[in-house]
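Each remark here refers to the structure printed beneath this line.
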Amino acid sequence: MKYLLVFLVLLTSISVNADEIRKAIESKDFEQLYKDYHKVLVFDSISADVKESGLSYVTRKQLFYAMDDHGAGDLHKVTYNYDPLSAWVEIKKAIIYRKDGTKEVLDSTRFYDYPQPARMIYWGARQKMIEAGKLNAGDALYVELFRKGFTYALLQADGDDDRYIPPMRGHYYDIVRFFESFPVHRKVFKTAIPKSKEVQYRTFNADFEVKTEQNKKQVFAFKLEQSMPVKREPNMVGMDNVGPKALITTSPDWEAKSTWFYGVNEDYGSFESTPEIDAKVDEILEGATSESDSIKRLTHWVADEIRYSGISMGEGEGYTLHTGDMTFTDRCGVCKDKAGMLITMLRAAGFESYAAMTMAGSRIEDIPADQFNHSITVVKRRNGEYQLLDPTWVPFVRELWSSREQQQNYLMGLPEGADLMITDVSDPENHYLKITNKASIDEKGNLKGIIEVAAEGQSDAAVRSIFTRHYKSQWDALLNAELQRIFPQAEILGITKTDPFGYRETPVSLVYEYTIPDFALVDDDKFVFNSLSNQGFMAHNRFGKRLNAGLEEREHDYRIGCSQKVEIEEVFELPAKIKNVTGPDSRKHDAGVASMQASWDDSKNKAVFEMQTSFNQRVFEKETWPEMKKVLEYIMNFENKPVVIETK
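With mature numbering (1 follows the signal peptide of the UniProt record, and there is no 0) as the guide, the letters of the sequence shown map in order to residues -18 to -1, 1 to 630.
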């Protein structure tokens, strides 16, 4: 078709002809292709010129098209985020192509540069904005940008362009996403790299057209057509795991990246101790009984006492960890600062400890480009094995490494180098949630009993969050709500709890004494009711229940908060001897990645409900969904179907 030829010309060349843009906008086939969407990115052309130093000059040209008034409203402004410590960005031009054939060139007074909205991390990130003003359906907005720099802000140097050279000097990488929340009709990424550099690249999650050529430089071009928005699913893995993308790098391998990360922080002196830090370490370790106890004490001190808040105070951000002295003085920092503080304290205590990088929320592809967003700590144990520690993710958590990060890639920064690795699956037994309810029902159907809740690992953290994430004045209301949102008539007679902040000493425990009027429906000698726990008590702390069993199939892998084992036992005494119990049939099902077992029993002349569920990992492949769905449906069957008890 004609419009396809037009776009081929547009995207294989950096020059963009206004007549070609007009023809593209006027194409009737184009509107038909994306009729169900509000706006379209007609083309997105990115051209990078890489210097020997690793510095890159990037030109980006985009054409947005408003399919309807909703899309036109979305395009009244266009924003671009950037970090001034690592990149310089200039809006070269912006032009509105009206449906009626007129053209409006926006002058620089419609371009803005201001601090990027921030929360908890205040590193001076900025945002460019183009104020296009009122657009109508059928209008298009053309934008041309120029950028020099790199993606992460590491060590800042002096000079003009020197400050934008990547700290792993001489190396270049880029991660280019070929998807948006709206259709991308065609996108091309072209990069010219000096011939002196060894280049690796890979594409993911789509059939790309890739071309390479050798001129004065080695040129790599990646093209993808008609990239539709990724279909979102509940509990799906991160968008970077499923969206089309291209990765390119000159870094030879992960070992080189590992040794560089080690060196850049050692050279900066990030982990040097001070007399004040030494004194605090001695204080924390007083009475420590073992190697494990010492590591535990230091990790939890950093987790709890260094609040999460990032201010740009060093020579740069990104991978460079602020000094332990700075973090200790300020008592705040982001993940890299908390990791660095723990490394400093571990070394002060005589341990061998280093920094590591990971990607929370998404997979790291096995190509040595910088796919990291989180910094952690590793310590070498006496047996020679490295142990992962994460002071950012374990405040008020009984773990030292958060199991919410299981099945996650990481790279240690070691002097001898390290390969990309992945964290182990945590046994669901490590995160048990046990609910025991012993109760009696009188002849009117009123219930009186005691519920005990016990939890460990991430289940402990979830239950304990009632206290650790809310004001003390809210505690009683939140505890009461666990029962009263299911049974508003419930009366809480008393609640006994462990020390909310004594998480290091014992797992969390809650004991409810309660009454619930009219709990059971009474009809002559029949009592009709359901398991109290299975109707929603502590349901938000049961990670597997957050999966939507209503999905018939999945296109993407999926995840829950953490592996977990849940055990429920409820014993109901009736005012007369039990004659018969009619309820959901006993069920046992093992899907490999998850399992369940549940039953009602009256063998002890009491109505006893028991259920055990186990979700054996955090991240699941989409192929497991049919069996997982069965487990969820069997659990729901016991939630939705009441039990009928006949008495003599």
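Just so you know, even glycine gets a beta-carbon here, dropped at the ideal spot from N, CA and C.
(message) Since Gly366 and Ser252 should fall inside the 8 Å C-beta cutoff, what is the C-beta to C-beta distance between them, to a whole number of angstroms?
(response) Contact between Gly366 and Ser252 is ruled out by a C-beta separation of about 24 Å, above the 8 Å threshold.
(request) Look up Gln389 in the DSSP assignment and give the residues it is bridged to. (result) DSSP links Gln389 through a beta bridge to no other residue.
(request) Would you mind giving the Cβ-Cβ distance between Leu303 and Asn391, rounded to the nearest angstrom? I have them listed as a contact below 8 Å. (result) Not quite, the Cβ-Cβ distance comes to about 20 Å (not below 8 Å), so this is no contact.
(request) Report yes if the C-beta distance between Lys547 and Pro410 is below 8 Å; otherwise report no. (result) For the pair Lys547 and Pro410, the CB atoms are nearer than the 8 Å cut-off.
(request) Excluding the 5 residues preceding and the 5 following Lys81 in the sequence, name in chain order all residues of the same chain whose CB lies nearer than 6 Å to its CB. (result) Only Gly120, Asp121 meet the Cβ criterion.
(request) Label His356 either buried or exposed according to how many other C-beta atoms from any shown protein chain fall within 10 Å of its C-beta, with 16 as the threshold for buried. (result) Result: buried.
(message) Check this for me: beta carbons of Ala436 and Pro489, under 8 Å apart or not?
(response) In terms of Cβ geometry, Ala436 and Pro489 form a close pair [threshold 8 Å].
(message) Using only the alpha-carbon positions, how far apart do Gly220 and Arg363 sit?
(response) When only Cα atoms are considered, Gly220 and Arg363 end up about 33 Å apart.
(message) Give me the DSSP bridge partner(s) of Arg184.
(response) Arg184 pairs with Leu229.
(message) Once the 5 residues before and after Ile498 are set aside, which same chain residues still bring their CB inside 6 Å of it?
(response) Excluding five sequence positions before and after Ile498, the CB atoms of its chain that fall closer than 6 Å to its own CB belong to Leu429, Phe469, Ala472, given in chain order.
(request) Pull up the distance between the alpha-carbon of His538 and that of Ile433, whole angstroms please. (result) Those two C-alpha atoms are separated by around 39 Å.
(request) Find the nearest neighbour of Asn197 within the set Ile175, Ala400, Thr326, Asp506, judged by alpha-carbon distance. (result) Comparing Cα-Cα distances from Asn197 to each of Ile175, Ala400, Thr326, Asp506, the minimum goes to Ile175.
(message) Rounded to the nearest angstrom, what separates Lys420 and Ser255 at their Cα positions?
(response) If you draw a straight line from the Cα of Lys420 to the Cα of Ser255, it is about 54 Å long.
(message) Mapping the DSSP letters down to three states, classify Ser178 as helix, strand or coil.
(response) Here Ser178 sits in coil by DSSP.
(request) Let me know the secondary structure DSSP gives Ile627 once reduced to three states. (result) Note: Ile627 maps to strand in three-state DSSP.
(request) Measure from the alpha carbon of Thr478 to the alpha carbon of each residue in Asp264, Met610, Glu495, then state which is nearest. (result) Selected option, being the one with the closest Cα: Glu495.
(request) Report the option in Val510, Val379, Phe602, Val407 whose CA atom is closest to the CA atom of Phe449. (result) Minimum Cα distance to Phe449 is reached at Val379.
(message) What does the alpha-carbon distance come out to for the pair Ser585 and Asp286?
(response) Ser585 and Asp286 have their C-alpha atoms roughly 49 Å apart.
(request) Kindly indicate which residue of Asp481, Phe483, Thr480, Asp458 has the alpha-carbon position closest to the one of Ile474. (result) The shortest C-alpha separation from Ile474 is found at Asp458.
(message) Measuring alpha carbon to alpha carbon, tell me which residue in Ala502, Ser291, Val263, Ile293 is nearest His282.
(response) When each option's Cα is compared against that of His282, the closest is Val263.
(request) Can you give me the Cβ contacts of Leu614 inside the same chain, cut-off strictly under 7 Å, excluding the 5 residues immediately before and after it? (result) These residues qualify, in order along the chain: Leu529, Ala531.
(request) Go ahead and pull the three-state DSSP assignment for Met49. (result) Three-state DSSP puts Met49 in coil, outside helix and strand.
(request) Output yes or no for whether 8 Å exceeds the beta carbon distance between Pro566 and Lys612. (result) Not a contact, by the Cβ cut-off of 8 Å.
(request) Can you tell me the Cβ-Cβ gap for Tyr540 and Asn217, rounded? I've got them flagged as a contact below 8 Å. (result) About 5 Å separates the two Cβ atoms, so the contact holds.
(message) For Tyr134 and Phe501, I'd like the C-alpha separation in whole angstroms.
(response) Low per-residue confidence applies at Tyr134: pLDDT is 48, beneath 50, and the placement is therefore not dependable enough to give any value.
(request) Work out the CA separation of Ala54 and Lys278 for me, nearest whole Å. (result) Taking C-alpha positions only, Lys278 is separated from Ala54 by approximately 55 Å.
(request) Please list, in chain order, all residues of the same chain as Gly427 whose beta carbon is under 7 Å from its beta carbon, the five residues on each side excluded. (result) If you ignore the 5 residues before and after Gly427, its C-beta comes within less than 7 Å of the C-beta of Asp500, Phe501, Ala502, Leu503, Val504, Phe509, all in its own chain and listed in chain order.
(message) Rounded to the nearest angstrom, what separates Val626 and Ala589 at their Cα positions?
(response) When rounded, the distance between both Cα atoms is 10 Å.
(message) Let's see if you can read the secondary structure: which residues bound the beta strand (DSSP E) around Val60?
(response) Here the beta strand (DSSP E) through Val60 covers 59 to 64.
(message) Whole angstroms are fine: how far does the CA of Cys314 sit from the CA of Thr374?
(response) Rounded to whole angstroms, Thr374 and Cys314 show a C-alpha spacing of 11 Å.
(request) Give the C-beta separation of Glu628 and Asn562 to the nearest angstrom, bearing in mind that I take them to be a contact with Cβ-Cβ under 8 Å. (result) Confirmed, Cβ separation roughly 4 Å.
(request) With distances taken Cα to Cα, identify the nearest neighbour of Arg159 among His153, Lys169, Ser240, Thr41. (result) Lys169 is the residue among His153, Lys169, Ser240, Thr41 whose C-alpha sits nearest the C-alpha of Arg159.
(message) Would residue 710 and Leu57 be called neighbours here (beta carbons separated by less than 8 Å)?
(response) Shown here, the chain extends from -18 to 630; a query on residue 710 therefore has no answer.
(request) Can you grab the Cα-Cα spacing for the pair Glu207 / Asp156, in whole Å? (result) In a straight line, the C-alpha of Glu207 is about 20 Å away from that of Asp156.
(request) Give the secondary structure of Val379 by DSSP, where H, G and I count as helix, E and B as strand, and everything else as coil. (result) Reduced to three states, the DSSP call for Val379 is coil.
(request) On a CA-only basis, which of Glu34, Lys43, Leu15 is nearest Asn(-2)? Give me that one, please. (result) That would be Lys43, whose Cα lies nearest to the Cα of Asn(-2).
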